Each structure stands twice: as structure tokens, then as C-alpha cells.
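In my numbering, the protein residues as written are 16 to 259. Idealized CB from N, CA, C, for every residue including glycine. Here the structure is a predicted model, which means the values were calculated and not measured.
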Amino acid sequence: MNILVVADIHANLTAFEAVLADAEKHGKIDEIWCPGDIIGYGPDPCECISLLKNISKVCVAGNHDWAAAGKIDTSDFNPAAAAANKWTSRQLSPEDTGFLSNLPQAIEQADFTIVHGSPREPVWEYLFSTEEARGSLAFFKTRSCLVSHTHQPVAFLFDESGNGTTRLLEDGTVLTLDANRMYINPGSVGQPRDRDPRASYGILDPLNGTFTLHRVAYDIQSVQERMREHGLPALLISRLGVGM
Ligand code: ZN
Numbered sequence: 016m017n018i019l020v021v022a023d024i025h026a027n028l029t030a031f032e033a034v035l036a037d038a039e040k041h042g043k044i045d046e047i048w049c050p051g052d053i054i055g056y057g058p059d060p061c062e063c064i065s066l067l068k069n070i071s072k073v074c075v076a077g078n079h080d081w082a083a084a085g086k087i088d089t090s091d092f093n094p095a096a097a098a099a100n101k102w103t104s105r106q107l108s109p110e111d112t113g114f115l116s117n118l119p120q121a122i123e124q125a126d127f128t129i130v131h132g133s134p135r136e137p138v139w140e141y142l143f144s145t146e147e148a149r150g151s152l153a154f155f156k157t158r159s160c161l162v163s164h165t166h167q168p169v170a171f172l173f174d175e176s177g178n179g180t181t182r183l184l185e186d187g188t189v190l191t192l193d194a195n196r197m198y199i200n201p202g203s204v205g206q207p208r209d210r211d212p213r214a215s216y217g218i219l220d221p222l223n224g225t226f227t228l229h230r231v232a233y234d235i236q237s238v239q240e241r242m243r244e245h246g247l248p249a250l251l252i253s254r255l256g257v258g259m
């Protein structure tokens with residue numbers, strides 16, 4: 016069984032489509048799970064929502080999703096993110112806004128809890144380290160947790176004594192799901208921030224107990240071109256090219 020995990024799509028339809036096409040090359044995809052931030056930053060919010068809605072029933076809310084829906088405010092956003100969020104809100108249909116607003120903060124699927132940030136603070140908290148991840152262990156019941164939000168592909172693994180290990184996930188890394196508790200972050204489809212500009216995603220195979228990280232190149236320039244046409248902030252346009 017193959018579950019495609021796509022996080023932080025961030026309104027980048029070109030990257031999203033490249034990921035869907037690439038994932039099929041690794042075998043039939045049975046389900047698609049999304050740990051949040053479908054929109055924000057990129058030029059294609061409505062297209063990304065409608066594509067995801069058609070192919071996935073398992074999606075949680077990210078901070079950008081709820082902010083664009085007016086459910087939380089953007090006072091914690093940096094100026095470029097807040098400006099992009101304002102632009103995004105204006106593009107959404109009432110149906111899009113309703114869809115984003117109704118996304119849950121957490122979903123349990125089999126042995127996985129899916130959240131955007133952390134189980135403790137699902138919409139806002141970043142998990143950059145095992146120490147930060149440890150603080151959320153008591154806030155989910157399943158063995159494993161899928162997170163995103165940092166845009167960096169990584170796993171935090173905890174043994175039975177509670178010792179934590181960080182494992183960076185690169186293109187082709189196969190993670191065996193044998194830790195006592197674990198967090199997996201598949202990185203970002205639409206705005207990677209680990210100095211690799213290629214779209215990042217994962218394929219989870221719960222029956223074989225593996226999670227494989229993949230990267231795929233996409234036409235970044237065409238996305239940057241659309242962002243320029245829409246007057247989105249220059250900082251957000253340039254960062255796509257460097258993956259930071
Ligand atoms: Zn994000």
C-alpha cells in the first residue's frame with residue numbers, strides 16, 4: 016500500500032503536478048495525505064485546492080490555510096507572508112474559503128497522527144529538533160506523527176528509553192518505521208527550505224513499514240513568472256530558485 020504524503024504545497028501547482036506524476040513512477044498510489052498549507056506564497060491557490068480536494072480525503076489545516084480563510088490573523092506572519100496571504104484571500108471563492116476553514120487541526124489514520132506544526136500546537140509550533148519534538152510526545156496517542164510546517168524533510172526518532180535521534184531525509188532515503196515513537200516531516204512540495212529547490216514529498220508504505228523521501232525538479236521559472244504577474248513579493252519569488 017502506497018500513501019503519498021504532500022505537505023506545504025503553498026499554491027504551487029507546477030510543483031504539485033510534478034510530484035503527482037513522479038509519485039506514480041514509484042508504484043500505484045492508494046491514498047494521498049496532506050499535513051497542511053495547501054495555499055499561501057504561490058500563484059495558484061484555487062487550482063491547488065481544487066486538485067487536492069479531488070484526490071485526497073485526508074488533509075489538516077496549516078497556518079496559511081486558516082489565515083487565508085480569515086480564521087486566524089496574520090500578526091505572526093512576516094511582511095511578505097502576510098502580503099501573500101492577503102492576495103490569496105482575495106482569489107478564493109466562498110467554497111474555497113469554507114473548505115479551508117473546515118479543515119481539522121489533527122487527523123488520526125491507522126497508526127499515524129497528522130498535524131501541520133506539532134501535536135501540542137497543531138497550527139503554529141515548529142518542530143526543528145528532537146528536543147522540540149519530545150515536548151509533543153504526550154500530545155498524540157498513535158506511534159507515529161506526520162508533521163510539516165518547517166519545509167525541511169526530517170525524522171525525529173525516539174527509542175523506548177526516550178532517547179531521540181534526528182535523521183535528515185534526502186532524495187531516495189528509505190526510513191524504516193521501527194522506532195518506538197517517531198515524527199516524519201516530508202518537506203515541502205511548493206517551497207522547500209533545505210537549500211534544495213526541488214519539490215519534496217514522501218511515500219508511506221505502512222504494510223512494509225517504510226517511508227521513502229523523494230525530490231523532483233519542476234519548472235520553477237514558470238511559477239516565478241506567474242508570481243511576478245500577480246505582484247507577489249520579490250522575496251517569495253527569488254527564494255523558490257534557491258530552496259530557502
Ligand atoms: Zn508552510
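Exercise for the section: Pick helix, strand or coil for residue 113, following the three-state DSSP scheme. Expected result: Helix.
Exercise for the section: Give the range of the alpha helix (DSSP H) segment to which residue 31 is assigned. Expected result: Bounds of the alpha helix (DSSP H) holding residue 31 are 28 to 39.
Exercise for the section: Note down the Cα distance separating residue 118 from residue 71, rounded to an integer number of angstroms. Expected result: If you take the alpha carbons of residue 118 and residue 71, they lie about 12 angstroms apart.
Handout entry: Helix, strand or coil at residue 103 [DSSP, three-state]
Key = Assignment of residue 103 by DSSP, reduced to helix, strand and coil, places it in the helix class.
Exercise for the section: State yes or no: is the C-beta of residue 77 nearer than 7 angstroms to some heavy atom of the ligand ZN? Expected result: Yes, since a heavy atom of the ligand ZN falls inside the 7 angstroms radius drawn around the Cβ of residue 77.
Exercise for the section: Within its chain, find whatever has a CB closer than 8 angstroms to the CB of residue 128; leave out the 5 residues flanking it on each side and keep chain order. Expected result: Taken in chain order, the residues that qualify are 121, 122, 134, 155, 156, 157, 159, 160 and 161.
Practice task
Mind checking who residue 136 pairs with in its DSSP beta bridge?
Solution key: Beta bridge pairing from DSSP links residue 136 with no other residue.
Exercise for the section: Taking all protein chains shown into account, decide if residue 180 is buried (16 or more other Cβ within 10 angstroms of its Cβ) or exposed. Expected result: In this structure residue 180 is exposed. Its beta-carbon is surrounded by fewer than 16 other beta-carbon atoms within 10 angstroms.
Exercise for the section: Rank 48, 196 and 83 by C-alpha distance to the C-alpha of residue 297 and give the top, closest one. Expected result: Any question about residue 297 goes unanswered here, given that the chain covers just 16 to 259.
Problem - DSSP-derived helix/strand/coil call for residue 85 - result: Note: residue 85 maps to coil in three-state DSSP.
Practice task
Going by CA-CA distance only, name the one from 200, 195, 75 and 232 that's closest to residue 211.
Solution key: For the options 200, 195, 75 and 232, the alpha carbon positioned closest to that of residue 211 is the one of 232.
Problem - Entirely enclosed beta strand (DSSP E) segments - the segment 143 to 198, minimum 3 residues - result: Counting only runs that start and end inside the segment 143 to 198, the beta strand (DSSP E) elements of at least 3 residues fall at 159 to 161, 169 to 173, 179 to 183 and 189 to 191.
Exercise for the section: Compute the minimum distance between the beta carbon of residue 52 and the heavy atoms of the ligand ZN, and state whether it is under 7 angstroms. Expected result: Yes, since a heavy atom of the ligand ZN falls inside the 7 angstroms radius drawn around the Cβ of residue 52.
Practice task
Determine, using beta carbons only, whether residue 80 and residue 51 come nearer to each other than 8 angstroms.
Solution key: Taking the C-beta atoms as reference points, residue 51 is found nearer than 8 angstroms to residue 80.
Practice task
Run the CB neighbour count on residue 224, radius 10 Å, all protein chains shown included, and call it buried at 16 or more, exposed below.
Solution key: Exposed is the call here.
Exercise for the section: Give me whichever residues DSSP pairs with residue 74 in a beta bridge. Expected result: Its beta-bridge partners are 49.
Exercise for the section: May I ask you to report which of helix, strand or coil DSSP gives residue 19? Expected result: Strand.
Problem - Contact the segment 43 to 50 vs the segment 98 to 117: 3+ CB pairs below 8 angstroms - result: Result no; under three Cβ-Cβ pairs closer than 8 angstroms.
Exercise for the section: Could you check the C-alpha separation between residue 19 and residue 182 for me, to the nearest Å? Expected result: So the two alpha carbons sit approximately 20 angstroms from each other.
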